[in-house]
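S.K.: Below: one structure in structure tokens.
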Amino acid sequence: MTVANLKSAQEMGLTDTEYSRIKKILGRSPNYTELGLFSAMWSEHCSYKSSRKWLSKLPTEAPWVICGPGENAGVVDIGDGLALVFKMESHNHPSYIEPYQGAATGVGGILRDIFTMGARPFASLNCLRFGHEDHPKTRYLLDGVVAGIGGYGNCMGIPTVGGECTFDARYDGNILVNAMSVGVAATDGIFYARATGVDSPVVYVGSKTGRDGIHGATMASASFDEDSQDKRPTVQVGDPFTEKRLLEACLELMSSDAITGIQDMGAAGLTSSAIEMASKGEGGIELDMDLVPSREEGMTPYELMLSESQERMLMVLQPGSEDQARRVFEKWELDFSIIGRVTDSDHIVLKTGGKVAASAPVQPLADGVSYDRPWVEPPMPPQLPALPASLPAPLETLSKMLGGKDLASRRWIWEQYDHSVMADTVTGPGSDAAVIRIHSTNKAIAVTADCTPRYCMAEPKLGGTQAVAECWRNLTCVGAQPLAITDCLNFGNPEKPEVMGQFIRAIEGMSEACSALNFPVVSGNVSFYNETEDSNIPPTPQIGGVGILEDIDLRCDLALTAQCNRLLLVGGAPKHLGQSLFARNIFDGDFGPPPQVDLSLEQKNGNFVRQLIKDQLVTACHDISDGGLLVTIADMCMAGNRGITLEGEETANWLFGEDQARYILATTEDAVGIISEKALRAEVNLAEIGRVGGTRLTLNSGDAIPINTLNELHTEWFPSYTNVS
């Protein structure tokens, strides 16, 4: 066995201090394979060594939470013996290096996190951040990422029902691809990643192991440089048809009592799955590397352990159930190999040719390392310049905003995804939140994903608060009771104090919002080192939320209907233009502080709106966010192809301010009085601001624009952009 040295450790991303610590743990110098195990498990991606201290401040408990952070996915109880299982993960670095496979395997990985827990995935979302639209790589990355997501999800037969896509020059060198998936399971049928029962068989199932993705976790824990494209071999290659068979085989075997523990082989492959299962089982594990199915000749224990080949699982079986399990996986034409056993040694031991190839204690590997990084307060944004004396006509400004990259319809993207497969998607992409029926019931789940990076860049704490609050509002808009969130915390280099300050403040904001809104964090992911040649991305704490509709018939969406004729504003008149899309369009930049978030007001207004929907007093609902009130109303007009006559101030603040905790409601003339009385009792600010009807969006001054024209402007940017030669 080759003894590794400090140079090898540095090449694997370990520091001098970490290498010294490894030698102390082992009582000797590690060999090359052992060093590989430590480098993967102690990477930022696997050990959360810069974030662990701060993640502990997030609220994670509620009466409906079955399983919080620490497992493959979070689990919440939705009643009637059913549970939701959900998680969001990043695949940023791989998607920049190889956009199709990076995005595709990001989808595959998050789906495995769901069915590893015993749940059948029924919905996926994605949140995409690209660089400037004119950057030479942006169109290539956009095309590849969208194709990869669609290619994998569509082949799996799992609908992609929502998400986000934005463009900003600060992502030029480091795009973000965050994938979320949601599944349903029986509350008494949740599986965990624990290796228990001495001498219980450890079984490898799925695809064979190749050399793709070796040290992918380490690559994801480092910044990019001019040689980043040379890292293509660290990107995994996905096969959705194999994953579909793996899903069905796992769920079939899970219907028996054969499996005692199961973990997918994601980041760090067989290394992380084996070590994490042994650690949670408080024991050890012994693996015979000669029995690991491989698709390439001469693979070493180091390569077999560090490969991130896709569509693989590691499981521990009840002794005596091996033949039953083998029959299931052979029926689905998947590899099945008993590669080891559970031990009481507290070590992971790898053997080849009957000899020990590596041996290390499990707990130090699983515990990783933890750092209290130095940090500084993020700087305040520049002040908002004075508004020009003469503003463009409001509807001209609206047209410019709706037809630009920030607000243009994302239809070009989501039409490449199958969002109706399985026939349970009731409200799909383009809504505040997607609504999916729980099959064979009248219950439904609402899912959404939100973040406003320009707010987070200006004031990270406020941005973190707002991301959670907007997620909560979007679930409320469709009538769902918000239950819990998952997160994907995308930040730059944590070794830079200003980046660490952004992270800490964003966590504080998220924590305050989750506590105030009773909206716990049950799963998530941290993606650091989103940096290219000293240029860090904006802090982007992506929030994915789930909510429950006990009765799918009591739902709402943003489209104006023929039944409504009155328009109401909940939450008061806006006053704030800082960090607004209006300011970005007028001044060609992001200026001023973001709008404040009053969490008690968010809760009061949201609960009021949700009850109105439940009482069937509202025919359409949309929260006010990007672009302000006029953009929100235009969205509702375009979704329902109905006009509105808007009554109110024709000022920039009133039309385009992005003040929080506000909703636009459409209702009937008969219901206005009832709603007004309820608002008075609830001390909710309510105002009637317009009439629904016709085919034009009209301001009280008489300026008007046809809804068909708005729709044309709104939908032409993406097709025009992607077809440019």
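In the numbering used here, the protein residues as written are 70 to 794. Glycine included, every Cβ here is placed at the ideal spot set by N, Cα and C.
Given a threshold of 16 other Cβ atoms within 10 Å of its Cβ, counted over all protein chains shown, does F310 qualify as buried or as exposed?
M.R.: exposed
S.K.: Just to confirm before moving on: does the CB-CB distance between T265 and G353 stay below 8 Å?
M.R.: no
S.K.: List the whole-angstrom C-beta distance separating D268 from P388, where the pair is believed to meet the contact cut-off of C-beta under 8 Å.
M.R.: Indeed, because the Cβ distance is near 7 Å, the residues count as touching under 8 Å.
S.K.: Does DSSP classify S390 as helix, strand or coil?
M.R.: coil
S.K.: Given this structure, state the Cα-to-Cα distance separating G222 from Q332, to the nearest angstrom.
M.R.: Cα-Cα distance, rounded: 21 Å.
S.K.: Looking at C625: is its Cβ nearer than 8 Å to the Cβ of C540?
M.R.: no
S.K.: Could you tell me whether the region 459–467 touches the region 132–143, using the rule of 3 or more Cβ pairs below 8 Å?
M.R.: no
S.K.: What are the start and end residues of the alpha helix (DSSP H) that includes M707?
M.R.: Per DSSP, the continuous alpha helix (DSSP H) segment holding M707 begins and ends at G697 to G709.
S.K.: In angstroms with no decimal places, state the Cα-to-Cα distance between R314 and I227.
M.R.: 13 Å
S.K.: For R239, name the three-state secondary structure that DSSP assigns.
M.R.: helix
S.K.: Using CA atoms only, rank isn't needed, just tell me which of V145, L83 and C234 is closest to G499.
M.R.: The residue with the shortest Cα to Cα distance from G499 is C234.
S.K.: So, under 8 Å CB-CB, A536 and P610 are touching, yes? Tell me the CB distance rounded to an integer number of Å.
M.R.: 6 Å
S.K.: Can you tell me whether DSSP reads V230 as helix, strand or coil?
M.R.: Correct three-state label for V230: strand.
S.K.: Can you tell me whether DSSP reads D146 as helix, strand or coil?
M.R.: In the three-state DSSP reduction, D146 falls in the strand class (E or B).
S.K.: Applying the 10 Å Cβ sphere with the 16-neighbour rule, what's the burial state of L749?
M.R.: Around the beta-carbon of L749, fewer than 16 other beta-carbon atoms lie within 10 Å, marking it exposed.
S.K.: In its own chain, which residues sit with a C-beta less than 8 Å from the C-beta of C224, not counting the 5 before and 5 after it?
M.R.: P309, F310 and K313
S.K.: Suppose you measure from the CA of N100 to the CA of C583; what does that come to, to the nearest Å?
M.R.: 45 Å
S.K.: Among M157, G171 and K156, which has the Cα closest to the Cα of P163?
M.R.: G171
S.K.: Give the list of continuous beta strand (DSSP E) stretches no shorter than 3 residues that lie fully inside the region 244–287.
M.R.: You should have 245–255 and 270–275.
S.K.: Less than 8 Å separating the beta-carbons of K420 and D357?
M.R.: yes
S.K.: How should H508 be labelled, buried or exposed, when 16 other C-beta atoms within 10 angstroms of its C-beta is the threshold for buried?
M.R.: Under this definition H508 is an exposed residue.
S.K.: Can you list the alpha helix (DSSP H) stretches of 4 or more residues lying completely in the region 461–525, in chain order?
M.R.: 463–471 and 480–483
S.K.: If we count the other Cβ atoms within 10 Å of its Cβ and call it buried at 16 or more, is N559 buried or exposed?
M.R.: buried
S.K.: Check this for me: beta carbons of C690 and L618, under 8 Å apart or not?
M.R.: Not a contact, by the Cβ cut-off of 8 Å.
S.K.: Is F597 helix, strand or coil when you go by DSSP?
M.R.: coil
S.K.: Could you tell me the distance, in whole angstroms, from the CA atom of E785 to the CA atom of G473?
M.R.: Looking at the two C-alpha atoms, the distance is approximately 9 Å.
S.K.: Can you list, in chain order, the residues of its chain whose CB lies under 7 Å from that of I244, leaving out five sequence neighbours each side?
M.R.: N161, S164, Y165, R198, F199, G200 and L210
S.K.: Could you tell me whether the region 438–456 touches the region 556–575, where touching means 3 or more Cβ pairs closer than 8 Å?
M.R.: Three or more Cβ pairs closer than 8 Å define a contact, and the region 438–456 meets that threshold against the region 556–575.
S.K.: DSSP three-state label for E372, please.
M.R.: Helix at E372.
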